[in-house]
Amino acid sequence: MKNIALGIILLMVSALAKASLIERQLSHQSNNRWVAEYRLTNNSLSADIEEFSLYYDFGLFDNLQLVAAPDGWDDNPFIDNPFQNSGFEFDGIVDFLVDVGAAGIASGETLGGFMVSFDWLGQGEVADQAFEILDPATFSIIDSGTTLQVSVAEPAMMLLYLLGLIALFVPRNSRHYP
Numbered sequence: 078m079k080n081i082a083l084g085i086i087l088l089m090v091s092a093l094a095k096a097s098l099i100e101r102q103l104s105h106q107s108n109n110r111w112v113a114e115y116r117l118t119n120n121s122l123s124a125d126i127e128e129f130s131l132y133y134d135f136g137l138f139d140n141l142q143l144v145a146a147p148d149g150w151d152d153n154p155f156i157d158n159p160f161q162n163s164g165f166e167f168d169g170i171v172d173f174l175v176d177v178g179a180a181g182i183a184s185g186e187t188l189g190g191f192m193v194s195f196d197w198l199g200q201g202e203v204a205d206q207a208f209e210i211l212d213p214a215t216f217s218i219i220d221s222g223t224t225l226q227v228s229v230a231e232p233a234m235m236l237l238y239l240l241g242l243i244a245l246f247v248p249r250n251s252r253h254y255p
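Spelled out as structure tokens, the structure:
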């Protein structure tokens, strides 16, 4: 039983072990207008994160606008709305770049405050987005993934989950007293 529990824990930890993670928290503004706040974590990249791009699917997102960028990051990022040209569909993009001379996000650090507003054209929940971490000197892709939607109550859920895992390993008293 302990081997199974240990195996499950290792599987979960390995699934979460990505070099970088972008969490997204959504705020509904009106009708189909939303604001997303992004929090970027550099879990294990050796170089600081100095540039990253978020992608917004054609036909699902429109009217991208910067709401805020943290101190030390360009407050006028490259923004290109989704569009169609000559029959080809192009996803929208918001590209954040650290200011010249400012520090990027070092390994083990997290930085939030990247905020973008957009119109959601899809049905149901707002879709997750692809992202890429870029080397600003060569524009090569260092890491990529999909944003992770978080809710405000997540720490409480994680605490309950952790307590459940601890309970699996607490030895039980098997003596019975008459």
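If you read the sequence shown in our numbering, its first letter stands for residue 78, the second for the next number, and so on. The C-beta atom is built at its ideal place from N, Cα and C for all residues, glycine as well.
With a CB to CB cut of under 8 Å and the five nearest residues on each side skipped, what residues in its chain are close to L122? On the sequence shown, residue 122 is found 45 positions in, with the first residue counted as 1. Excluding positions up to five away in sequence, the list reads A96, S97, S184, I210, I219 and D220.
DSSP beta-bridge partners for Q206? The residue labelled residue 206 in the question sits at position 129 within the sequence shown. Q206 pairs with nothing; no bridge assigned.
Would the segment 146 to 164 and the segment 100 to 119 be scored as touching if the rule is three or more Cβ pairs under 8 Å? no
Just to confirm my understanding: we take L131, look at its own chain, exclude 5 residues before and 5 after, and list those with CB closer than 6 Å. What are they? Your numbering for residue 131 matches position 54 in the sequence shown. Answer for L131: V171, Q206 and F208, listed in chain order.
I'd like to know whether the C-beta atoms of N109 and W197 end up nearer to each other than 8 Å. Taking the sequence shown and counting its residues from 1, the one referred to as residue 109 is at position 32. Taking the sequence shown and counting its residues from 1, the one referred to as residue 197 is at position 120. Contact: yes.
Of the choices V203, L188 and E166, whose alpha-carbon is the least far from that of W150? Indexing the sequence shown from 1 puts residue 150 at position 73. Comparing Cα-Cα distances from W150 to each of V203, L188 and E166, the minimum goes to L188.
Taking only the alpha-carbon atoms, compute the straight-line gap between F129 and T224 and give it to the nearest angstrom. Counting from one through the sequence shown, the residue named residue 129 turns up at place 52. Counting from one through the sequence shown, the residue named residue 224 turns up at place 147. The straight-line gap from Cα to Cα measures roughly 12 Å.
Taking the alpha carbon of G169 as the reference point, which residue from A146, S194 and E127 has its own alpha carbon closest? Position 92 of the sequence shown holds residue 169. The option with the nearest alpha carbon to G169 is S194.
Starting from N140, follow the beta strand (DSSP E) in both directions and report where the run begins and ends. Sequence index remark: in the sequence shown, residue 140 carries index 63 (1-based). Start and end: F138 to A145.
Would you kindly work out how many angstroms separate the C-alpha atoms of F167 and A180, rounded to a whole number? The residue you call residue 167 lines up with position 90 of the sequence shown. The residue you call residue 180 lines up with position 103 of the sequence shown. The alpha-carbon atoms of F167 and A180 are separated by roughly 32 Å.
Since I believe L137 is in contact with G199 (beta carbons under 8 Å), could you give me their beta-carbon distance rounded to a whole number of angstroms? Taking the sequence shown and counting its residues from 1, one reaches residue 199 at position 122. Taking the sequence shown and counting its residues from 1, one reaches residue 137 at position 60. Sure, about 4 Å apart at Cβ, within 8 Å.
Which same chain residues end up closer than 6 Å to I126 when comparing Cβ atoms and leaving out the 5 residues on each side of it in sequence? Mapped onto the sequence shown, residue 126 falls at position 49. If we look at I126 and ignore the five residues flanking it on each side, its Cβ neighbours are N119, G181, I182 and I210.
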